[in-house]
Structures are given as C-alpha cells and as structure tokens.
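Here the structure comes first, spelled out in structure tokens, and everything after it is commentary.
Protein chains in written order, with UniProt numbering: chain A, 1 to 218; chain B, 1 to 225.
Okay, here's the thing in structure tokens:
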C-alpha cells in the first residue's frame, strides 16, 4: 500500500486544480461568446427571437446545473453519440454561463438611459452607430464588475463536473479521500484551493463595483 | 432506427419519485426558513457586534461564498466525522444548505440595512420606541422589503443547488432519478422529467414567495413606489 504524506495530497490537489482552471476558462470564454450572441438576440426587434432567448435564459436559470450536466452527458449517450465527461462538462457549463451572462449584459445595456437612444437618433445616428458610439461603451463599463463577479460562480460550477467523473479539484479530493481516509484535511484543502481561486476575483469585482459607484455611474 | 423516448418505463417508480420530491420540498422549505432567520442574525451582528465577532462572521460569509456548495457538503458530511462529530446525511444536507443560504442572504440583507438612513433610527428612538422595536420596524422590515426579490432568487438558487445532496445519498429528487435510471436504464427520460419538476418547483417557489411578500410587506408598498 502506498503511503500518502500531506505533501503528496497537496501536490495531487494542485495538479487537479489545473483542470478546474482550464474547464473554468473554457466555460467562461465559450459562455461569453454564446452569451454575447444571445444578448443581441434578446435586444433585437424580432419578437420571436426575444421570446426564444428569454425562454432559454429562464430554462437554464430555473433548473439545476447538475441536471443540465446529466441531460447532456446521458442524453448524448441515449441518442447514440456518447461523449466524454470533458466535452459534456464544457458544453453544459458553456450553456449555463451564457444564460447568466446574457441576463447580466441585457441589464447593463438597459441601464443606459433610454433618453440617450432618442438623443442619438435625433442627432442622425443609425442603430449601429448609436450602439457603437453611445450605448456599448457605457454598458461595457457597467458590465465589467458583475461579469467578474459571475466568473466566481463559473469556477464553483465546475465542481459539479466531478459527479460525471471529470477529474478536477473536487473529484481529486474524493479520490484521495478514498485512498487515504483523511477527509477533514483533504476537503479543507480542497475548499482552501477553491477559495484561493475565487476570493481574489470576488475582491476584484467588489473593487470595480466601488470604482463605478465612486464615479457616480451607479 | 434511432433511439426513442419512452416515458411509460417510469410508471413503476412513482413512489420513488414522490419520496424524492417530498424530500426536496421539505429540505427546501425548512432550510429557507432557517437560512433566512440565520441570515438576519448574521447581518445584524456583522453591523453591530464586537469587532472579533464581525471578523469571524465576515470570514464565514466569504469562505461560504467563495467555495462550491458540494465541497461544503462533503466537508460537513465526510470531514467533520474526522473530528468526532458524526452526523447523518440528511442533517448534513440541512446544515450545509442553511449555512450556504444564510451567508449569501446575510450579504444581501446587509446591503438593504445599510441603505437605511441613520436619522430614521434616531427618530424612532426619539418617538419612544425601544432599541429592538425601532430596529425591527425601521431597519429590518424595510430592509427585508427592499432586498426581497434578491432573497427570492437566492433561495431558489439554493433549492436548485440541493440537487447535489444526492451525492451523500440523501433520497431527494436527483437521488430518485439516479436510482430509477440505474434500474430501467432510461437515463434521458428520467433526467428530463426531473429537470421539469425542478423547473416547476422554481416557478412555484417564486410565486409563493411573491404572494407572501405582497401580504407581509403590504404597508411598505406606498414607500416603494
């Protein structure tokens, strides 16, 4: 039987943290891309497109992330195309992230005063010019703090990928626990590592929020 | 021929579905009440207690908000027995959900509380209300009314997050789904149905919260508008 020292445990957990980070990055970049698309769909003048996007957002915000993960993982298999835990987790987290980011960004775009739209149109700017020169720069500034804040939710969301067998930080924790029977140390370390990833982001989001507030934008 | 969906294969498992549904609902109702009550206490103490209590509670709130729920659950269920504290799965789920909801809600409530003007509290005292009375009527209830929508969303997030308690073998909706799909091998149908149930639960929760809010905060409505 192999003996695990404290440092072996820590080293293995740190190695697994890489996959938590990679999965978070995939989910965040993928989610931002899809989310951006959805945000513009939601703001379009086509009523059906608007309805479809809000249905999408409601569906993903109203169901557990774990179920989304299961449906994609087992659903793909049931349709005769089994996919890896990697791919299932990436897809589920991307869709989940996109729904939340779409909701956040729509709020930011709508937070820019309506009068500015009218003013720009009166000045002879068309829809795209108004978006590009007036609305987007302001909305972008508003959107950064909540987006950074949401990235914490994405990192925490990746922990669920452990349940379909993807070996990231949480899964590594349960596996090490099965080998060493030191649950207290291991799960405290796992929590500490997540905290080390998330807390700086939370603080940064709060700092950005305060900066906006001080600038009188909120 | 492609695979087809067959929901009839779920029929023999109605009792398991009901059992899981009941567990999820009971857990949610109980933890929403305990979690929000604890949140009030934490929010109050984070503003008014001695510095070391404030720091301690600040630490609890930050750790809870910056670690995944599943890790908190595992720490309580698997980790604490290492210290000699043995708890069963449903208690662990109850504790983890309560602590999780309380940490988030305390932070939400704190924002609502700090929005109360200081002069109002002093006015209350001047009118002859006791400290507790003025705190309750002038600070707490209006703060609750102000952040009520955020508290609804947070309680729903915790309910949806409770799907994870199936991992420590609490017989909730998700556990029922896992149990059924291990018998009839119809994973997609089971998970689709359960997802729909969660969706309805979230919808129902929002509705009942709003009904309660309309009654409880009725006299606040004038101020809100």
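Heads up, the beta-carbon is just placed ideally off N, CA and C, and yes, glycines get one too.
Asked                                                                                                                                         : Found
Contact under 7 angstroms by Cβ, residue 130 (chain A) with residue 31 (chain A)                                                              : no
Residue from A:194, A:52, A:163, A:137 with nearest C-alpha to residue 99 (chain A)                                                           : A:52
Closest Cα partner of residue 31 (chain B) within the set B:99, B:211, B:18                                                                   : B:99
The alpha helix (DSSP H) enclosing residue 122 (chain A), as first and last residue numbers                                                   : 114–122
Closest by C-alpha distance to residue 188 (chain B), when choosing among A:125, A:194, A:75                                                  : A:75
Chain A contact residues for residue 202 (chain B), given Cβ-Cβ distances below 7 angstroms                                                   : 62
Neighbourhood of residue 26 (chain A) by C-beta distance below 8 angstroms, restricted to the same chain and skipping five residues each side : 90, 93, 94
Contacting residues, own chain, Cβ-Cβ under 8 angstroms from residue 9 (chain A) (five flanking each side not counted)                        : 176, 180, 182, 185, 186, 189
Contact set for residue 1 (chain B): own chain, Cβ-Cβ below 8 angstroms, skip 5 residues either direction                                     : Note on residue 1 (chain B): pLDDT 42, under 50, position unreliable in the model; no value is reported.
Helix, strand or coil at residue 129 (chain B) according to DSSP, with G and I counted as helix                                               : coil
Spatial distance of residue 226 (chain B) from residue 151 (chain A) (CA atoms)                                                               : What the structure shows of chain B is the stretch from 1 to 225, and residue 226 (chain B) is not part of that stretch, so it cannot be assessed.
Listed by chain order, chain B residues near residue 212 (chain A) by CB distance under 8 angstroms                                           : In chain order: nothing, as chain B lies at least about 15 angstroms away.
C-beta neighbour in chain B for residue 175 (chain A), strict 7 angstroms                                                                     : no
Close-in-space but distant-in-sequence residues of the same chain around residue 155 (chain B) (CB under 6 angstroms, 5 per side omitted)     : 32
Alpha carbon of residue 156 (chain A) to alpha carbon of residue 201 (chain A), nearest angstrom                                              : 12 angstroms
Alpha-carbon to alpha-carbon, residue 142 (chain A) and residue 107 (chain A)                                                                 : 9 angstroms
Bounding residues of the alpha helix (DSSP H) (the contiguous stretch that carries residue 202 (chain A))                                     : 183–214
Within chain A, partners of residue 187 (chain B) - CB distance below 7 angstroms                                                             : 74, 78
Three-state secondary structure assigned by DSSP to residue 103 (chain A)                                                                     : helix
Alpha carbon of residue 53 (chain B) to alpha carbon of residue 176 (chain B), nearest angstrom                                               : 41 angstroms
Residues of the segment 143–171 of chain A whose Cβ lies closer than 9 angstroms to any Cβ of chain B, in chain order                         : 152, 155, 156, 157, 158, 159, 160, 162, 163, 169, 170
Chain-ordered chain B contacts of residue 190 (chain A) [CB-CB under 7 angstroms]                                                             : 71
Runs of alpha helix (DSSP H) wholly within the segment 155–196 of chain B (minimum 4 residues, chain order)                                   : 173–184
Under 7 angstroms between C-beta atoms of residue 227 (chain B) and residue 191 (chain A)                                                     : In the structure displayed, chain B extends from 1 to 225; residue 227 (chain B) sits before or after that span and is not available.
Residue 20 (chain A) beta carbon less than 7 angstroms from that of residue 169 (chain A)                                                     : yes
Residue from A:125, A:64, A:121, A:71 with nearest C-alpha to residue 70 (chain B)                                                            : A:64
Sub-7 angstroms separation of residue 134 (chain B) and residue 146 (chain B) beta-carbons                                                    : no
Helix, strand or coil at residue 8 (chain A) [DSSP, three-state]                                                                              : helix
Three-state secondary structure (DSSP) of residue 67 (chain B)                                                                                : coil
Contact belief for residue 85 (chain A) with residue 165 (chain A) at Cβ below 8 angstroms, rounded distance in angstroms                     : 5 angstroms
Close Cβ partners of residue 150 (chain B) (< 6 angstroms) along its chain, the five nearest in sequence each way excluded                    : 108
Runs of beta strand (DSSP E) wholly within the segment 117–178 of chain A (minimum 3 residues, chain order)                                   : none
7 angstroms Cβ cutoff, residue 79 (chain B) in contact with chain A                                                                           : yes
Assigned secondary structure, residue 214 (chain B) (DSSP; H/G/I helix, E/B strand, else coil)                                                : helix
Selection from B:143, B:182, B:84 that minimises the alpha carbon distance to residue 226 (chain B)                                           : This structure does not reach residue 226 (chain B), given that chain B is present from 1 up to 225, and the question cannot be answered.
Identity of the residue in A:208, A:38, A:14 nearest residue 97 (chain A) by Cα                                                               : A:38
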